Ligand code: SF4
């Protein structure tokens, strides 16, 4: 089922990986805006959800966030995390760095124990202001599904230029300041295998993870219906085995099935 989230604030929602999460959606409320077009995206294919509204303005986001945090302070629940996610890629918002700073200030005021998390596809980390803003959040969660350009073009489908080697080099600069998030899949798409759980994918990916030395790795598989219909969940035992290989590198790994 496709999910288009309200904007700029949604939830709180219970997240498999993050706990009680208040969502901050910097993308338009009536569609999707992303520099990838992943075939497993819960928001659907980009072309099916072209937005007509604009992105929410910085002041609008900050006002809505403050209103919601004040309400949660009075009525609960207490958020574990304020999560930038929603209808696409949050770092595409032109005021992303300023909004991060304002969010940290509001978090400190209302729920100092809550973490600020950003789910990003890492396509904008070559921009210094985005890179620096991501260094200021608690959980900078960067997508790296594979290091195979062919697989990236089949599954993540960047809609601009994307160089995985350059992305990995930049992720190395984050090092412990990032968490790597990877989707593992089975099944097929457009007559090609969508399975990235075999050794040919996992070993080069592990090598990249070892080079990046992130604080943590989160691996997961699809949990609900996807816009592309030939995909399958990666088996639990396969995910567990990959998680174990990450831990053998001395890197913490969370497996969500
Ligand atoms: S990067 Fe995230 S939001 Fe963008 S298409 Fe992929 S899954 Fe969807």
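Numbering (the numbering used here), first residue to last: 7 to 263. Here a beta-carbon is modelled for each residue, glycine too, at the ideal position from N, C-alpha and C. Since we're looking at a predicted model, the values are computed, not measured.
Give me the Cα-Cα distance between residue i and residue j, rounded to the nearest whole angstrom.
i: residue 86; j: residue 105; result: 19 Å
i: residue 78; j: residue 68; result: 15 Å
i: residue 247; j: residue 227; result: 14 Å
i: residue 261; j: residue 37; result: 30 Å
i: residue 92; j: residue 31; result: 5 Å
i: residue 206; j: residue 81; result: 51 Å
i: residue 130; j: residue 176; result: 10 Å
i: residue 108; j: residue 185; result: 22 Å
i: residue 40; j: residue 239; result: 23 Å
i: residue 208; j: residue 135; result: 32 Å
i: residue 29; j: residue 48; result: 15 Å
i: residue 257; j: residue 60; result: 40 Å
i: residue 95; j: residue 174; result: 18 Å
i: residue 70; j: residue 149; result: 27 Å
i: residue 50; j: residue 194; result: 17 Å
i: residue 100; j: residue 263; result: 34 Å
i: residue 153; j: residue 27; result: 30 Å
i: residue 172; j: residue 66; result: 34 Å
i: residue 120; j: residue 10; result: 25 Å
Hey, out of the options, whose CA is closest to residue i's CA?
i: residue 141; options: 150, 198, 151 and 128; result: 128
i: residue 158; options: 242, 54, 201 and 39; result: 201
i: residue 21; options: 51, 215 and 89; result: 89
i: residue 245; options: 257, 224 and 232; result: 224
i: residue 183; options: 65, 8, 189 and 139; result: 139
i: residue 98; options: 214, 84 and 124; result: 124
i: residue 15; options: 192, 222, 263 and 72; result: 72
i: residue 215; options: 204, 241 and 188; result: 188
i: residue 54; options: 24, 64 and 8; result: 8
i: residue 151; options: 192, 100, 11 and 52; result: 192
i: residue 255; options: 211, 242, 195 and 65; result: 211
i: residue 253; options: 132, 114 and 222; result: 222
i: residue 181; options: 137, 194, 121 and 231; result: 137
i: residue 24; options: 103, 122 and 170; result: 122
i: residue 170; options: 42, 27, 12 and 18; result: 42
i: residue 232; options: 26, 52, 12 and 220; result: 52
i: residue 133; options: 10, 102, 194 and 204; result: 102
i: residue 13; options: 26, 50, 63 and 46; result: 63
i: residue 17; options: 204, 263, 84 and 50; result: 84
Take the Cβ of residue i as the centre, count every other Cβ of all protein chains shown within 10 Å, and call the residue buried at 16 or more, exposed below.
i: residue 126; result: buried
i: residue 56; result: exposed
i: residue 143; result: buried
i: residue 229; result: exposed
i: residue 146; result: buried
i: residue 155; result: exposed
i: residue 197; result: exposed
i: residue 74; result: buried
i: residue 111; result: exposed
i: residue 242; result: exposed
i: residue 113; result: buried
i: residue 220; result: buried
i: residue 118; result: exposed
i: residue 167; result: exposed
Quick one: residues in its chain with C-beta nearer than 7 Å to the C-beta of residue i, no 5 flanking neighbours on either side, listed in chain order?
i: residue 44; result: 161, 162 and 163
i: residue 199; result: none
i: residue 249; result: 225, 259 and 261
i: residue 19; result: 27 and 29
Keeping to the same chain, check which residues put their C-beta closer than 8 Å to that of residue i; ignore five residues upstream and five downstream.
i: residue 58; result: 34, 36 and 37
i: residue 251; result: 208 and 212
i: residue 46; result: 161, 189, 191, 228, 232, 233, 234 and 237
To which residues of the same chain is residue i closer than 6 Å at the C-beta, ignoring the five residues directly before and after it?
i: residue 218; result: 177 and 178
Can you name the residues that DSSP bridges to residue i?
i: residue 226; result: 189 and 262
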